[in-house]
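J.:
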Amino acid sequence: MVSGGDNEIQQYLDARYIGPPEAACRIFGHRLHDEVPTVVRLEVHLPGMHRCIFNPSESLETIRARGAHQKSTITAFFSWYASNKDAPKYTYQEFPQHFTWNKTTKIWTPRVSGFAIGRMYFASPNCGERFYLHLLLTVVKGPTSFECLRTVENVVHNTFKSACVARGLLEDDDEWVQCLQEAAVMKTGYQLRRLFSIILTQAQIEDYGLYLLNHLLQESSKTLLDFPPMPQPNENWSAVVGNRLIVEYRQLQIEAQQAHAPFNVHCLNSGQRTAYDAITSSVFENKGTMFFLNGGAGTGKTVLYNTIAGKCRTLGHIVVSVASSGIASLLLTGGRTAHSTFCIPLDVMEDSFCGFKKQSIQAELFRETKLIIWDEVPMQHRYCVEAVDRTLRLYNLLY
1 MVSGGDNEIQ QYLDARYIGP PEAACRIFGH RLHDEVPTVV RLEVHLPGMH
51 RCIFNPSESL ETIRARGAHQ KSTITAFFSW YASNKDAPKY TYQEFPQHFT
101 WNKTTKIWTP RVSGFAIGRM YFASPNCGER FYLHLLLTVV KGPTSFECLR
151 TVENVVHNTF KSACVARGLL EDDDEWVQCL QEAAVMKTGY QLRRLFSIIL
201 TQAQIEDYGL YLLNHLLQES SKTLLDFPPM PQPNENWSAV VGNRLIVEYR
251 QLQIEAQQAH APFNVHCLNS GQRTAYDAIT SSVFENKGTM FFLNGGAGTG
301 KTVLYNTIAG KCRTLGHIVV SVASSGIASL LLTGGRTAHS TFCIPLDVME
351 DSFCGFKKQS IQAELFRETK LIIWDEVPMQ HRYCVEAVDR TLRLYNLLY
């Protein structure tokens, strides 16, 4: 390629350095790059969901007609065993060790020489049925169709997941449910509670695990509902283990009681001390007063917030500290963003409400809350503050 009088190809050749190892390999005719053994990529897709390459100018009917008869590595794998039922049975990933894939004719042929291994495309649990199909392909030998994979002991299951359960590839909590049902007939309340605690400590309970997983997802503003293939917990574990939000804020009380140095009230200046006395007296006397603290950057507002929160927490009160942004919330002890704490809608309107329900764990937390500190509140739209106020008043959480 010559551009502006410069021959870029010649410049590359002139400037390229060839070291002794590369020179020796080229002189003796050795290959500079090799891959041993050969890896054959194996497609994993649900029925009728194989990859189809087309030209944008083609009609939809033409694309559908060609896609209906197009073969993939997995459908050709099924076709081989459908036509050769007496052939040795291999799993999908073992198949390339004994057969070669012709990309032109889209068929498998018996391997004459060489060695290769198969690698199925990855499928995460979020993929739903595709994940369970992937799991079945690792254990079922010589299947003739997708329906054959879903067949266990002459029973055709509706989903690949149920087929995995029937084969014992997945576990459920049925045995523990039956155990508790039998015990409920003859055991006392104390004995049932003891049995339940033993089950929780000695066995892997899926339903409780789903409950814990859902709470971990909530920390990232997600729930199990955002992943449709995932099942939902059947029991109301919140009633058993308590409100996790209250537990977290109670932990802040313990930490505040253990840390004595941060709450040095005598270090506050006159302006901070005036605000501190007014706010704490209102909190302790249950006046329900709203304060707006105004001051420039570096005047010690955050220090005052943490001092007030620390004092209240050492006395056993719950303090919810929020800020308009994640960066600002990091400066508050136990701080979080206002949107995540109050479940404020992203597209907040003039008449919007917060996203938590009256009987939710958030509402229960706010009932127990003694003080709410909202840092940088002018940085947020007025509709956000009005939505929080409207929701708390609707649920009678302000007093």
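Be aware that the sequence shown starts at 1, since it is given in full-length UniProt numbering, and climbs by one per residue. Using N, Cα and C, we set each Cβ at its ideal position, and we do this for glycine too. What you are looking at is a predicted structure, and each value in this text was computed from that prediction instead of being measured.
#1: Among Y121, Q359, P228, T144, which one has its Cα closest to the Cα of D86?
#2: Taking the alpha carbon of F122 as the reference point, which residue from Y90, Y132, A116 has its own alpha carbon closest?
#3: From S59 to A65, what distance separates their C-alpha atoms?
#4: Looking only at its chain, what residues have a beta carbon closer than 7 Å to the beta carbon of A328, apart from the 5 residues adjacent to it on each side?
#5: Please list, in chain order, all residues of the same chain as V283 whose beta carbon is under 7 Å from its beta carbon, the five residues on each side excluded.
#6: Ignoring anything shorter than 3 residues or poking outside the region 129-196, list the beta strand (DSSP E) runs there in chain order.
#7: If we count Cβ pairs, one from each stretch, closer than 8 Å, do we get three or more for the region 44-61 versus the region 93-112?
#8: Can you give the Cα-Cα distance for T302 and S321, rounded to whole angstroms?
#9: Whole angstroms are fine: how far does the CA of P228 sit from the CA of S324?
#10: Grab the span of the beta strand (DSSP E) containing N102 for me, first residue to last.
#11: Could you tell me which residues DSSP pairs with W374 in its beta bridges?
#12: For A256, count neighbouring C-beta atoms within 10 Å of its own C-beta (all shown protein chains included) and say buried if the count is 16 or more, exposed if not.
#13: When the Cα atoms are used, what is the spatial distance from T104 to I344?
#14: For A261, which three-state DSSP category applies?
#15: Going by the DSSP bridge assignment, what does M120 pair with across the sheet?
#16: Quick one: grab the DSSP three-state call for V27.
#17: For the putative contact between Q97 and I117, defined by C-beta atoms under 8 Å, what is the C-beta separation to the nearest angstrom?
#18: Which first and last residues belong to the beta strand (DSSP E) in which I53 is found?
#19: Can you check which of these residues, G335, V385, I361, is closest to S352 by C-alpha distance?
#20: Pick out whichever of M49, F78, F77 has its Cα sitting closest to the Cα of G67.
#21: Look at the alpha carbon of N214 and the alpha carbon of T62, and state the distance between them as a whole number of angstroms.
#22: Buried or exposed: G335, going by 16 or more other Cβ atoms within 10 Å of its Cβ?
#23: Taking the beta carbon of L365 as the centre, do at least 16 other beta carbons fall within 10 Å, making it buried, or is it exposed?
#24: Using only the alpha-carbon positions, how far apart do F196 and R250 sit?
#25: Who does I107 pair with in a DSSP beta bridge?
#26: Note down the Cα distance separating R393 from T151, rounded to an integer number of angstroms.
#27: Hey, quick one: how far does the alpha helix (DSSP H) through Y81 stretch, first residue to last?
#28: Looking only at its chain, what residues have a beta carbon closer than 6 Å to the beta carbon of A261, apart from the 5 residues adjacent to it on each side?
#29: Please tell me whether A82 and K106 are closer than 8 Å, where the distance is taken between their beta carbons.
#30: Any idea which residues DSSP pairs T369 with across the strands?
#31: Which residue marks the beginning of the alpha helix (DSSP H) containing G271, and which one marks its end?
#32: Would you tell me roughly how many angstroms separate the C-alpha atoms of M230 and G298, rounded to the nearest one?
#33: Quick one: is I9 buried, meaning 16 or more other Cβ sit within 10 Å of its Cβ, or exposed?
#34: Determine the closest residue to E350 out of T159, S162, H381, with distance taken between C-alpha atoms.
#35: Relative to the C-alpha of G300, which residue among T280, N269, M290 is closest?
T.: A quick look at the data gives this:
#1: T144
#2: Y132
#3: 10 Å
#4: D375, E376
#5: C312, K370, L371
#6: none
#7: no
#8: 11 Å
#9: 31 Å
#10: 99-102
#11: V322
#12: buried
#13: 56 Å
#14: Because the pLDDT at A261 is just 45, under 50, the model does not fix this residue reliably, and the point stays unresolved.
#15: L42
#16: Here residue 27 is Ile; the residue named in the question, Val, does not match the sequence. Reduced to three states, the DSSP call for I27 is helix.
#17: 7 Å
#18: Here I53 belongs to no beta strand (DSSP E), and DSSP marks it neither H nor E.
#19: V385
#20: M49
#21: 45 Å
#22: buried
#23: buried
#24: 26 Å
#25: N102
#26: 57 Å
#27: 73-83
#28: Per-residue confidence for A261 stands at a pLDDT of 45, beneath the threshold of 50, marking its modelled position as unreliable; the derived number appears in the next sentence. Nothing listed; no residue qualifies.
#29: no
#30: I318
#31: 270-284
#32: 48 Å
#33: exposed
#34: H381
#35: N269
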